[in-house]
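What follows is a single structure, written as structure tokens, with notes after it.
2 protein chains.
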Amino acid sequence: MSTHSERLRTWAGTLADITGALALLDWDRDTMMPSSAADARGQQIATLAVLHHRELMRPEFGEIVAARAADPDAAPSARREAQLLAHRRERAERVSEALVRELSEAASEALAVWTDARERGDWDSLRGPLGRLVALKRHEAQAISGGHDLYDALLDEHEPGAHAAELAPIFTELAERLSPLVASGTAQPPPTLPQRDWPRAAQLQLAHDVAALIGFDLTAGRIGESAHPFSSSSGLGDVRFATRIDERNPISNVLSVLHEAGHAMYEQGFDPDYARTMLWDAPSLSAHEAQARFWENHVGGALEFWRIIEPRMRELFPAAMRGLDAGDFHAATATVCPSLVRVEADEVTYNLHIVLRFELEQALITGALDVRDLPEAWNARMDELLGVVPDSPADGVMQDVHWADGLFGYFPTYTLGNLYAAQLAATADVALGGLSAAIADGGFADILGFMRTRIHRHGALYPTAELMERATGVPLGADMLIAHLERRTRASASTRGTD
Amino acid sequence: MSTHSERLRTWAGTLADITGALALLDWDRDTMMPSSAADARGQQIATLAVLHHRELMRPEFGEIVAARAADPDAAPSARREAQLLAHRRERAERVSEALVRELSEAASEALAVWTDARERGDWDSLRGPLGRLVALKRHEAQAISGGHDLYDALLDEHEPGAHAAELAPIFTELAERLSPLVASGTAQPPPTLPQRDWPRAAQLQLAHDVAALIGFDLTAGRIGESAHPFSSSSGLGDVRFATRIDERNPISNVLSVLHEAGHAMYEQGFDPDYARTMLWDAPSLSAHEAQARFWENHVGGALEFWRIIEPRMRELFPAAMRGLDAGDFHAATATVCPSLVRVEADEVTYNLHIVLRFELEQALITGALDVRDLPEAWNARMDELLGVVPDSPADGVMQDVHWADGLFGYFPTYTLGNLYAAQLAATADVALGGLSAAIADGGFADILGFMRTRIHRHGALYPTAELMERATGVPLGADMLIAHLERRTRASASTRGTD
Chain A
-13 MSTHSERLRT
-3 WAGTLADITG
7 ALALLDWDRD
17 TMMPSSAADA
27 RGQQIATLAV
37 LHHRELMRPE
47 FGEIVAARAA
57 DPDAAPSARR
67 EAQLLAHRRE
77 RAERVSEALV
87 RELSEAASEA
97 LAVWTDARER
107 GDWDSLRGPL
117 GRLVALKRHE
127 AQAISGGHDL
137 YDALLDEHEP
147 GAHAAELAPI
157 FTELAERLSP
167 LVASGTAQPP
177 PTLPQRDWPR
187 AAQLQLAHDV
197 AALIGFDLTA
207 GRIGESAHPF
217 SSSSGLGDVR
227 FATRIDERNP
237 ISNVLSVLHE
247 AGHAMYEQGF
257 DPDYARTMLW
267 DAPSLSAHEA
277 QARFWENHVG
287 GALEFWRIIE
297 PRMRELFPAA
307 MRGLDAGDFH
317 AATATVCPSL
327 VRVEADEVTY
337 NLHIVLRFEL
347 EQALITGALD
357 VRDLPEAWNA
367 RMDELLGVVP
377 DSPADGVMQD
387 VHWADGLFGY
397 FPTYTLGNLY
407 AAQLAATADV
417 ALGGLSAAIA
427 DGGFADILGF
437 MRTRIHRHGA
447 LYPTAELMER
457 ATGVPLGADM
467 LIAHLERRTR
477 ASASTRGTD
Chain B
-13 MSTHSERLRT
-3 WAGTLADITG
7 ALALLDWDRD
17 TMMPSSAADA
27 RGQQIATLAV
37 LHHRELMRPE
47 FGEIVAARAA
57 DPDAAPSARR
67 EAQLLAHRRE
77 RAERVSEALV
87 RELSEAASEA
97 LAVWTDARER
107 GDWDSLRGPL
117 GRLVALKRHE
127 AQAISGGHDL
137 YDALLDEHEP
147 GAHAAELAPI
157 FTELAERLSP
167 LVASGTAQPP
177 PTLPQRDWPR
187 AAQLQLAHDV
197 AALIGFDLTA
207 GRIGESAHPF
217 SSSSGLGDVR
227 FATRIDERNP
237 ISNVLSVLHE
247 AGHAMYEQGF
257 DPDYARTMLW
267 DAPSLSAHEA
277 QARFWENHVG
287 GALEFWRIIE
297 PRMRELFPAA
307 MRGLDAGDFH
317 AATATVCPSL
327 VRVEADEVTY
337 NLHIVLRFEL
347 EQALITGALD
357 VRDLPEAWNA
367 RMDELLGVVP
377 DSPADGVMQD
387 VHWADGLFGY
397 FPTYTLGNLY
407 AAQLAATADV
417 ALGGLSAAIA
427 DGGFADILGF
437 MRTRIHRHGA
447 LYPTAELMER
457 ATGVPLGADM
467 LIAHLERRTR
477 ASASTRGTD
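Protein chains in written order, with the numbering used here: chain A, -13 to 485; chain B, -13 to 485.
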């Protein structure tokens, strides 16, 4: 007869294995799979989701988990894992296997339609599948919420313990404090690079070089290509990310690599003892996003970073780099100007894109907004928040994959990640004796070491707020992000002045 | 209340989804995964194997399946699927979940050790893991056999209904009739191509071109690279294969493509209505192998084939092709000469490599041979059968992945595939008015059409012997293969004569 601890270990391992297999099925779908296999892959993902649900709900673990979660004598890591398992069970037991399958299949269908219809802005094709998916997500929210806020029931999956009512004032404050920065922007698009060729193969090499430079372990990971950059971890020793390559411009590739390698290095930094446990994870998406944003915005936003990689870019792109230097790339990333597409937005207006989505997805889930009316609502709010309106749904309501993938309550974690990233950067700045100086010295091992020690190794041991307060000494707030963005906009203005 | 038919459909679909996910996990492991993830992937594969076993054993389906399998009024395809499910259940119910996991983990461990140790011929590292795996396979065979032949219990997984006692005389006859052909061979290695560079990127392009030429649907498949060529199907619309690229020689790539595309086109040709059923499969490995061997040996062995692709090779390899033509490639594939490595063996001696493995793996599973004594037994029998003895286990007992991957009872299906391929080729020769002429005309669509109609579309609807007799009109026998090999050796002699 094995002990409760051993049985829990085996059980959590089984759950982790299914999750890891699902991560691989997703990775492959988005980087390699022929589109003709969308239906078959959707069925496979739905089946594994159902098996995960069934495994999570195995009745014999109910009491064991509850006892361990409440046991003051259990090791903190064991108790925390039991609490996480209990919470997952509590959510799962309110959702039927049939709904798990329907949700997964509906998301696969909407995702496949979106993938096909997005570029031509074909909203009419997406409306039906997205409407069915939203209806199912509302069913799920109703089942989980127990009479409480519907949106919170979905938000909790991505940001455990968060409440929309607590996030709303943070977002409102942020939007108010950002508006002078938006107003002080040039309202001109960033200076464009001359139209030149940045060949795909050399850009892929650059992706590997930049990732290795900042500390991504290529012997325990892979870099792929995808229209939509993402990172993916199927288990210990295998963390991957996909970058986006535009042969007319290398900047989105470099920033994608910083962002996704930020996610991926986080996963590579979990305590290996946590492998195949619930602790081998970030405590929430905002914690994950904070790592990505730190590398993308606080490292990639530094002129010193572009100076470090400039020589390598000159080797890889001898023709395209003629007459260009680090300052040109830095200037192209530092301009503040309202624009239509979130993933191309500057750091200041980016958060207004999130405010828009946070509002609209709450309205969809509560039922205040019908999917049919979504494009109009999108365009109207874009006009109010950013003063720009898309010509096509491709640059409007259809630009993001999230909703078509069934991800509601996900977007706010991006801005929470920006807030935490700024607090981490400010802390690192003190701890390292100047973050810019560390970057200028190529001290990426020190920067990564700071994150490893304060954040990565802990995995999901602490809830996000506790993890971040242990790391930075301060509670969540907007001051550090505002200060960072003020510096960025000043730097942008000064770069423009000397250009 | 859903009908029995609907419940069976859902259940078989779930089983197919898990199998498809496992295929993808294997594909990724062998083409892309960092080796640091071997343990994690092994756990994931073991977990999915256990979940498949558990799903297969769900008690509520026992009576439904048995009733359907015996129902004379059921549609033939429904009855056949029920029979296949009943047979799989019957095997599975004799094996515990714990043994399923142990077997899967032991195979993952031995495979990882083999991958690392093979090239340096490090038998000492492999001996332990392989010994544990063989012991577990013997446990499995004992559990399944019910007192009957232990080896047959494993053979049945790959070649349902086959018995070693029935295969042995076929193999003995074949070995006897091959010996004059071996004796008439040059006993000289094939004429080598001049040492030139055949760049990887151009070879990968050639792989795509050759695959497309013979009818592999690249919009519903992928081609990857691996040290060990293989094909893999994760479901409808997604069939893949990996080729091996040697930058010193393009021949192994071309023959690998013909072989693996042969497997892959078979899977692309199953009746789509069979997707997510037990019928979306070959009835056995020998049927599968027959397709691969047909394209590799009966198409790739034709001078006309090399003439068809010669112009494209000249475009892709302008330097390396200087002074070479189709005859040189054909000659390099047609020589008969005993050699050490199965996958590099000529068509005649190849079958003697299989005889060796068929004998040794029977001895391992029955317990007549201990894994410790395997290298000596290998070398002694190589000397008897082929007159050559390897210097290193790398070219001897460690050359194949199969045993380290837990595959026992698999090797004989290669020679059975050769026998069936020759019978199919002889039938196609009549049906198409000359196979060589069809190849010379580039009539690959007609050749594929013949296979689609006679073999592919049926999936697993008929047992292998019935499928083949319907397709060729004759029972399994060695005559056609011997006749083919006699023509090949004559062609080889004549090519040498004019060279």
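Glycine included, C-beta positions come from ideal geometry on N, C-alpha and C.
Fair warning: this is a prediction, and the values are worked out from it, not measured in the lab.
Quick check on DSSP: helix, strand or coil for residue i?
i, result
"Phe394(A)", "coil"
"Val225(B)", "strand"
"Asp232(A)", "strand"
"Val374(B)", "coil"
"Glu145(A)", "coil"
"Ser(-9)(A)", "helix"
"Arg208(A)", "strand"
"Ser90(B)", "helix"
"Ser217(B)", "strand"
"Arg482(B)", "Here the model assigns Arg482(B) a pLDDT of 45, short of 50, so the residue's position is not dependable, and the following value carries that caveat. Three-state DSSP puts Arg482(B) in a helix."
"Gln174(A)", "coil"
"Val120(A)", "helix"
"Leu326(B)", "coil"
"Ser82(B)", "coil"
Residue j and residue i - do their beta-carbons sit closer together than 7 Å?
i, j, result
"Asn404(B)", "Leu467(B)", "yes"
"Phe280(A)", "Ala247(A)", "no"
"Gln189(B)", "Asn235(B)", "no"
"Ala380(A)", "Gly107(A)", "yes"
"Glu290(A)", "Ala426(A)", "yes"
"His194(B)", "Gly395(B)", "no"
"Ser90(B)", "Ile31(B)", "yes"
"Trp13(B)", "Arg226(B)", "yes"
"Pro20(B)", "Ala288(A)", "no"
"Ile237(A)", "Ala187(A)", "no"
"Ala486(A)", "Ala407(A)", "Since the first residue shown for chain A is -13 and the last is 485, residue 486(A) is missing from the structure and cannot be characterised."
"Gln29(B)", "Asp138(A)", "no"
"Trp292(A)", "His316(A)", "yes"
"Ala7(A)", "Ser218(A)", "no"
"Ala424(B)", "Ile433(B)", "yes"
"Ala457(A)", "Ile441(A)", "yes"
"Ser272(B)", "Thr399(B)", "yes"
To the nearest angstrom, how far is it from the Cα of residue i to the Cα of residue j?
i, j, result
"Ile50(A)", "Ala312(A)", "58 Å"
"Ala92(A)", "Arg124(A)", "13 Å"
"Arg343(A)", "Phe397(A)", "7 Å"
"Gly(-1)(A)", "Tyr260(A)", "10 Å"
"Leu37(B)", "Gly255(A)", "30 Å"
"Pro166(A)", "Gln174(A)", "16 Å"
"Leu34(A)", "Ala103(B)", "34 Å"
"Arg40(B)", "Ser82(B)", "10 Å"
"Leu141(B)", "Asp465(B)", "24 Å"
"Leu418(A)", "Glu159(A)", "30 Å"
"Pro180(B)", "Gly309(B)", "10 Å"
"Arg118(A)", "Met43(A)", "26 Å"
Can you determine whether any heavy atom of the ligand HEM sits closer than 6 Å to the C-beta of residue i, and answer yes or no?
i, result
"Arg293(A)", "Looking for the ligand HEM in the displayed structure turns up nothing, as the structure carries no ligands at all."
request  = Could you tell me whether the segment 361 to 377 of chain A touches the segment 407 to 418 of chain A, using the rule of 3 or more Cβ pairs below 8 Å?
outcome  = Contact between the segment 361 to 377 of chain A and the segment 407 to 418 of chain A is absent, because fewer than three Cβ pairs lie under 8 Å.
task = Entirely within the segment 434 to 473 of chain A and at least 4 residues each: give me those alpha helix (DSSP H) ranges in chain order.
result = Counting only unbroken stretches of 4 or more residues, the alpha helix (DSSP H) elements lying wholly within the segment 434 to 473 of chain A are 450 to 458, in sequence order.
query = Counting Cβ pairs, one atom from each stretch, are 3 or more of them under 8 Å apart for the segment 302 to 309 of chain B and the segment 250 to 262 of chain B?
reply = By the Cβ criterion, the segment 302 to 309 of chain B is not in contact with the segment 250 to 262 of chain B, since fewer than three pairs of Cβ atoms, one from each stretch, lie closer than 8 Å.
key: Segments assigned alpha helix (DSSP H), at least 4 residues, entirely inside the segment 334 to 372 of chain A   = Listed in chain order, they are 360 to 372.
inquiry  = For the structure I just gave you, are there three or more beta carbon pairs, one from the segment 55 to 74 of chain A and one from the segment 253 to 264 of chain A, closer than 8 Å?
reply    = Segments in contact, yes.
inquiry  = Would the segment 374 to 393 of chain B count as touching the segment 312 to 332 of chain B if we require 3 or more Cβ pairs under 8 Å?
reply    = Cβ pair count under 8 Å is three or more, so yes.
Start-end ranges of the alpha helix (DSSP H) lying completely within the segment 246 to 297 of chain B, minimum 4 residues = Runs found: 271 to 279.
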